[in-house]
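Q: Numbering (my numbering), first residue to last: 534 to 674. The C-beta atom is built at its ideal place from N, Cα and C for all residues, glycine as well. A quick note: this is a predicted structure, and the numbers were derived from the prediction, not measured.
1) Please list the terminal residues of the continuous beta strand (DSSP E) segment that includes residue 559.
2) Could you check which residue in 673, 600, 580, 554 has the C-alpha nearest to that of residue 625?
3) Kindly give me the distance between the Cβ atoms of residue 606 and residue 558, rounded to whole angstroms, as I take these residues to be in contact under 8 Å.
4) On the CB-based measure, 16 or more other CB atoms within 10 Å of its CB, does residue 670 come out buried or exposed?
5) Below 8 Å on the Cβ atoms is my contact criterion, and I expect residue 567 with residue 631 to pass it. Report the Cβ-Cβ distance as a whole number of Å.
6) Under the three-state reduction of DSSP, which class applies to residue 671: helix, strand or coil?
7) Name the DSSP bridge partner or partners of residue 593?
What follows is the structure, encoded as structure tokens:
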């Protein structure tokens, strides 16, 4: 099942002929702030308006974008800049909520997806214009 989910996200949902940005990210999580930080580590510039981030934990998944602020996330923004274009050296973060059953900063929630401390989560940055994966990896909470 996980392979099917990853394949669908990694392969994209359509072929529009758009050039897919090639970018790498270093990802880190701060559970006390309920934030996942994405550091642009090199490659093509990206617009926050043209990406979504998928989080996959086992068979559970959620996809988050700027349009989801106030729904499945609290914030989806660039650090230290009011713009939306990310280039090498820039950072953006996605802020989630504390799950209702967690009181000690050991979890993170995006919509219905609850992530817990000491678990590994796969992430994928997806270009919304082409529906193709820009970058992917995993992070340990």
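A: With the given structure in hand:
1) 556-563
2) Put simply, of 673, 600, 580, 554 the residue whose alpha carbon is nearest the alpha carbon of residue 625 is 580.
3) At roughly 17 Å, the Cβ-Cβ gap does not stay under 8 Å, so residue 606 and residue 558 are not in contact.
4) exposed
5) Contact check for residue 567 and residue 631: beta-carbon distance about 6 Å, within the 8 Å limit, so the pair qualifies.
6) strand
7) 590
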